[in-house]
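Remarks on the structure that follows.
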Amino acid sequence: MAVLLCCSFSSFGQENTLTATPSIKQVTVFLNRAQVETLTPIAIESGKTTIRLQNQTTFLDPQSIQVSGKGDFTILSVEHETDYLQKETKPVKIQNIEDSISKYTMLIDFNTQINDILAKEEQLILANQNIKGQNTNLTAKELEDMANFFRERLEEIREEIIDNKLLMRKQQIKLTSFSNQLAEYNQVVNQPSSTVIVTVSSKAPVSGSLTTTYITRNAGWYPLYDIRAKDSKSPVQLAYKAQVYQNTGYDWKNIKITLSTTNPAVGGNKPELNNWYLDIYDPSAVKYKKGSVSRSYAPQAEMESYAKDYRADSVDELQWSQKASTAADYTAEAETTLSVEFAIGLPYSILSGGKGQQVDIKNIDLPAQYEYAVVPKLDLSAFLLARITKWDTYNILSGNANIYFEGTFVGKTYIDASNTSDTLDISLGRDPRIVVERNLITDYTSKKMIGTNRKEEYGYELVIRNTKKDPITIIIEDQYPISKNSSLEVEMVDASGAAVDPVTKKLTWKLTVAAGETKKLILKYSIKYPKDKKVSGI
Numbered sequence: 001m002a003v004l005l006c007c008s009f010s011s012f013g014q015e016n017t018l019t020a021t022p023s024i025k026q027v028t029v030f031l032n033r034a035q036v037e038t039l040t041p042i043a044i045e046s047g048k049t050t051i052r053l054q055n056q057t058t059f060l061d062p063q064s065i066q067v068s069g070k071g072d073f074t075i076l077s078v079e080h081e082t083d084y085l086q087k088e089t090k091p092v093k094i095q096n097i098e099d100s101i102s103k104y105t106m107l108i109d110f111n112t113q114i115n116d117i118l119a120k121e122e123q124l125i126l127a128n129q130n131i132k133g134q135n136t137n138l139t140a141k142e143l144e145d146m147a148n149f150f151r152e153r154l155e156e157i158r159e160e161i162i163d164n165k166l167l168m169r170k171q172q173i174k175l176t177s178f179s180n181q182l183a184e185y186n187q188v189v190n191q192p193s194s195t196v197i198v199t200v201s202s203k204a205p206v207s208g209s210l211t212t213t214y215i216t217r218n219a220g221w222y223p224l225y226d227i228r229a230k231d232s233k234s235p236v237q238l239a240y241k242a243q244v245y246q247n248t249g250y251d252w253k254n255i256k257i258t259l260s261t262t263n264p265a266v267g268g269n270k271p272e273l274n275n276w277y278l279d280i281y282d283p284s285a286v287k288y289k290k291g292s293v294s295r296s297y298a299p300q301a302e303m304e305s306y307a308k309d310y311r312a313d314s315v316d317e318l319q320w321s322q323k324a325s326t327a328a329d330y331t332a333e334a335e336t337t338l339s340v341e342f343a344i345g346l347p348y349s350i351l352s353g354g355k356g357q358q359v360d361i362k363n364i365d366l367p368a369q370y371e372y373a374v375v376p377k378l379d380l381s382a383f384l385l386a387r388i389t390k391w392d393t394y395n396i397l398s399g400n401a402n403i404y405f406e407g408t409f410v411g412k413t414y415i416d417a418s419n420t421s422d423t424l425d426i427s428l429g430r431d432p433r434i435v436v437e438r439n440l441i442t443d444y445t446s447k448k449m450i451g452t453n454r455k456e457e458y459g460y461e462l463v464i465r466n467t468k469k470d471p472i473t474i475i476i477e478d479q480y481p482i483s484k485n486s487s488l489e490v491e492m493v494d495a496s497g498a499a500v501d502p503v504t505k506k507l508t509w510k511l512t513v514a515a516g517e518t519k520k521l522i523l524k525y526s527i528k529y530p531k532d533k534k535v536s537g538i
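Residue numbers (my numbering): 1 to 538.
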C-alpha cells in the first residue's frame, strides 16, 4: 500500500496536519482475528502536529490500537474515528467483475434483439402465405419453389431463435454468478473506513516513522494436514499447513505472517461462581434460576492516550538466511506460556474476500508403528493403521487431514487434538490381501428350555488369513452383549484368550500372522431369561 502524505499549516504556523495511508508490514494471525502492524514514514514541523492515518479497516477494535514512533518527537495522544466519506479505491478484481457483468449484459441484450428481428421476419412470412395473390401467371414450378423457400426459411428462423435462447441461458448463468460475486465483495468494499488520529509534538523539524498495531475481526486461520506414508516400514510424514483468510476490506500484499494458536475471541479470565440459591417452589413468586456464572472476558488494551518520548528506538527484525524449497523450511516456531507462534519466513499476499491462502507451517517425520485392525461383526475389511505415539508434543491442533499411502490418496480423516490418548491412530485404508471371515458355528448355536427359563447359545468362528509375503500384526475386535435386566443373564463361554473390557464387554485380540498363515478364533456366549419373556437386541 503506497504511502500518501500531504500537509496543511495553520495561519499561525503552530499546529500542523498530516494525512497519510499506512503500509501494512506484518500481521499476526490468530485462530479468530488478527493483529495488524503498519508503518508510516512522517516528516513533521516543529510544534504540535496532528497525523491522520486513514484508509484502515473498519473492523479494527479501537481499544486495541497501539502506536509507537521512531524519531525525536513525543506522542501526545491517540484517537480513533470512523470515516464514512473516504472510500477505498476500487480493487482490480471488482473492476474486472463489473466489466464481465457489462459484457454479458450487452450480449444478452444483443441476442434478445436478434430474436425480436427473427420473430418479426417469421410474422412477415406467415402474413404473406397467399403467395399467388393477384398474380395468376405463376407456374406450378414457381409456386413450389416459393413454398420451399418459405418452409426452409421458417425452419432456419426457428432454429436460430432456439440457438439464441440456449446461448442466452448460458450467458444469464454467467451474469448471475458474476452479480452474486460482486454483491459479496461490495459488502466489504462499501464499508466505511477507520482513521487513527495521532497527535505529536516536536521541538524542531524531524523525520521519523509511526508504527501502529491493532486487532481486527474478519480474519483468522485453521489447520490443515497432509499425512503421507511411503510404505508400512517408513515414518509417517505430516505436512502441517494453515488456511489463512481475511475479509477486512484491504489486501495484505507481500507481508510477513506469524500464525498464533491464541484465540482472542474467547475470554481469557476464569469464570466466577455466584451464590446458588434454593427455595420452595411458589408459582406466584419470582422463580430463581439454578445458578449463574459470571464470565469476565479478557479485557482488551484500552485506547492509548499518553505522552512518551521516542528517540531513535530500535526495531528487532527476524533474519532469514537459510534457503529452502518450501515455506515450511522458513518457519520459526516459538512456544509461549499460553500459545504457540509460527513465524513464516517467506512473504505472503492474502487478498480480502478471497478463498484464503494456504501457508506451509512445517513438515514432521513421525515414527509410526503399523498394525492392521478389523471389526468382523461390522466390516470384514482389514484396515492398515499407522499408530503414532507422543503426537501431542508437536503442537498439533484439531483439523482435517488428507491421507496418502504409497503415493495414492486414500481418504480424509479428522485429527482431534482434544483426544487424551497419547497414541494417534491413522487409518491408511483397506487391504484386500488380509482375508477375514466371521462364521456362525451352527452345531453349537441352539435354543432350549431349562425349567422356567429359556437358554440360547451362540458361537462364531473368526478366520484371519494373511496372503501377503510379509508377516503382519493385527488387532481383532468383537463383543458379547450386555444385560440391562436382572432377569436376563449373559455368560461368556469362550473368548479364545481375548482381553475383555469389563464395562463395554468388548473383546480384543492382538495376533501376529505369518505370511500365508491362517489363524482362527472362537467366540461363544449364552443368554438365559424367563421363558415368558422376549429379548430385544439379539
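We put the beta carbon where it would ideally sit given N, CA and C, even for glycine.
| Check | Outcome |
| --- | --- |
| Specify the secondary structure class of glutamate 81 as computed by DSSP and reduced to three states. | strand |
| Can you look up aspartate 231 in the DSSP assignment and give me helix, strand or coil? | coil |
| Near glutamate 406, which residues of its chain fall below 8 Å by C-beta distance, leaving aside the five closest residues on each side in sequence? | Ala229, Lys230, Asp231 |
| Between methionine 303 and the rest of its own chain, which residues show a CB-CB distance below 8 Å, the 5 nearest in sequence each way excluded? | Residue placement at methionine 303 is poorly supported in this model, since its pLDDT is 34, which falls under 50; the coordinates still yield a value, given next. Around methionine 303: Pro62, Gln63, Ile65, Val78, Glu79, His80. |
| Between which two residues does the alpha helix (DSSP H) holding isoleucine 482 run? | Element bounds for isoleucine 482: n/a, residue is neither H nor E. |
| Secondary structure at aspartate 443, three-state DSSP: helix, strand or coil? | coil |
| Cutting at 8 Å between CB atoms, please list the residues of its own chain near serine 339, excluding the five before and the five after it. | Ser260, Thr261, Thr262 |
| By the three-class DSSP mapping on this structure, what secondary structure does tryptophan 276 have? | coil |
| Are at least three pairs of beta-carbons, each pair with one atom in the stretch 235–245 and one in the stretch 179–186, less than 8 Å apart? | no |
| Enumerated in chain order, which unbroken segments of the beta strand (DSSP E) with a length of 3 residues or greater are wholly contained in the stretch 341–413? | 357–366, 368–375, 379–389, 399–405 |
| In whole angstroms, what separates the C-alpha of glycine 429 from that of aspartate 251? | 41 Å |
| Determine the closest residue to alanine 204 out of Gly47, Lys165, Leu351, Pro91, with distance taken between C-alpha atoms. | Gly47 |
| Would you give the residue range spanned by the alpha helix (DSSP H) that alanine 127 belongs to? | 92–127 |
| Can you list, in chain order, the residues of its chain with a C-beta nearer than 8 Å to that of threonine 258? Leave out the 5 residues immediately preceding and following it. | Gln26, Val27, Thr28, Val29, Glu341, Phe342, Ala343, Ile344 |
| Rounded to whole angstroms, what's the CA-CA distance from proline 432 to threonine 445? Just pull it up for me. | 30 Å |
| Could you tell me the alpha carbon to alpha carbon distance between threonine 19 and isoleucine 403, rounded to whole angstroms? | 52 Å |
| Please confirm whether glycine 354 and valine 206 have their CB atoms less than 7 Å apart. | no |
| In the DSSP assignment, find the unbroken beta strand (DSSP E) run with asparagine 218 in it and report its ends. | Premise fails: asparagine 218 is in no beta strand (DSSP E) and is neither H nor E. |
| What is the rounded straight-line gap between the Cα of serine 536 and the Cα of alanine 514? | 40 Å |
| Suppose you measure from the CA of leucine 385 to the CA of phenylalanine 178; what does that come to, to the nearest Å? | 46 Å |
| Compare the C-alpha of isoleucine 161 against each of Asn148, Asn111, Ser421 and name the closest. | Asn111 |
| Can you look up serine 496 in the DSSP assignment and give me helix, strand or coil? | coil |
| May I have the straight-line CA-CA distance separating glycine 208 from isoleucine 350, to the nearest angstrom? | 28 Å |
| Over the uninterrupted beta strand (DSSP E) stretch that includes threonine 19, give me the two end residues. | 15–20 |
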